[in-house]
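Asker: Dumping the structure here so I can ask a few things about it.
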Amino acid sequence: MTIPFAGDFALPVSQALMSILDQELVRSGMVLKGKSSLVFNFRDPDYGPVRGGFHPVEIRLLKRKDRWQFDYVTDFSYQGPEEMAELVKEIDFNFLSEEYYLLRYGQMGPASARELYTMWESNFVSYYQMGVFTVSVAA
Numbered sequence: 001m002t003i004p005f006a007g008d009f010a011l012p013v014s015q016a017l018m019s020i021l022d023q024e025l026v027r028s029g030m031v032l033k034g035k036s037s038l039v040f041n042f043r044d045p046d047y048g049p050v051r052g053g054f055h056p057v058e059i060r061l062l063k064r065k066d067r068w069q070f071d072y073v074t075d076f077s078y079q080g081p082e083e084m085a086e087l088v089k090e091i092d093f094n095f096l097s098e099e100y101y102l103l104r105y106g107q108m109g110p111a112s113a114r115e116l117y118t119m120w121e122s123n124f125v126s127y128y129q130m131g132v133f134t135v136s137v138a139a
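Heads up: the sequence shown at position 49 corresponds to 49 in the UniProt record's numbering, and the numbers run straight through without jumps.
What follows is the structure, given as C-alpha cells:
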C-alpha cells in the first residue's frame, strides 16, 4: 500500500475502500511526502437534480504522525424543488470527532452509524467498481 493507514478507525473501514484510495492516489501521480491531508472527490458526471445518478462523495484523510486516518466521509445529494435544488450533505461520517449525521434523521449514535456506514461503504465500493465516478485527488 502506498498510503500507510492507521489501523484503528471509529468505523469499520474495509480493505476494499483503502485499496481504492491507494489506487486513486497512484493514478493521480501525487506523492505523500510533505502532505498533511488528502481529499478524494468521486463524481458521477451525469448526476443531476432531475436525472439523478450516483451521489458525489468526498473523503478526507489526515496524517497523524506517520499514519493516515480518516477525517470524514461525506455523501452529497441534490435536495429541494428541481429548479432550486442544492447539493447538500446527505450522509456525513466524521471519524475523528465521532459525529455522524443523516439528512432528515439528524445525529446518529455510534451503533446506528456503524450499521449505516457498512451498508453505505458496500454500495460505494460497488459503484466505484462499476466505473461510474470521475475521481480527483487534492492535498
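Glycine included, every Cβ here is placed at the ideal spot set by N, Cα and C. All figures in this text were calculated on a predicted structure; none of them were measured in a lab.
In chain order, which continuous runs of the beta strand (DSSP E) of length 3 or greater are located wholly inside the region 51-100?
Answerer: 57-64, 67-79, 86-94
Asker: Have a look at Ser77, Gln69, Leu96, Glu98 and flag the residue whose alpha-carbon is nearest the alpha-carbon of glutamate 90.
Answerer: Ser77
Asker: Report yes if the C-beta distance between leucine 61 and leucine 96 is below 8 Å; otherwise report no.
Answerer: no
Asker: Relative to the C-alpha of lysine 33, which candidate in Arg67, Asp75, Phe133, Val50 has its C-alpha closest?
Answerer: Comparing alpha-carbon positions, the option among Arg67, Asp75, Phe133, Val50 lying closest to lysine 33 turns out to be Arg67.
Asker: Buried or exposed for tyrosine 105, going by 16 or more other Cβ atoms inside 10 Å?
Answerer: exposed
Asker: List the endpoints of the continuous alpha helix (DSSP H) containing alanine 113.
Answerer: For alanine 113, the enclosing alpha helix (DSSP H) has its first and last residue at 110-129.
Asker: Can you say whether glutamate 98 is buried or exposed, counting buried as having 16 or more other CB atoms within 10 angstroms of its CB?
Answerer: Looking at its Cβ environment, which holds fewer than 16 other Cβ atoms inside 10 Å, glutamate 98 is exposed.
Asker: Straight-line CA distance for phenylalanine 70 to serine 19?
Answerer: 14 Å
Asker: What does the alpha-carbon distance come out to for the pair valine 88 and threonine 2?
Answerer: Rounded to the nearest whole angstrom, the CA to CA distance from valine 88 to threonine 2 is 32 Å.
Asker: Measuring alpha carbon to alpha carbon, tell me which residue in Ala85, Asn94, Gly29, Asp46 is nearest glutamate 58.
Answerer: Of the candidates Ala85, Asn94, Gly29, Asp46, the one whose C-alpha sits nearest the C-alpha of glutamate 58 is Asn94.
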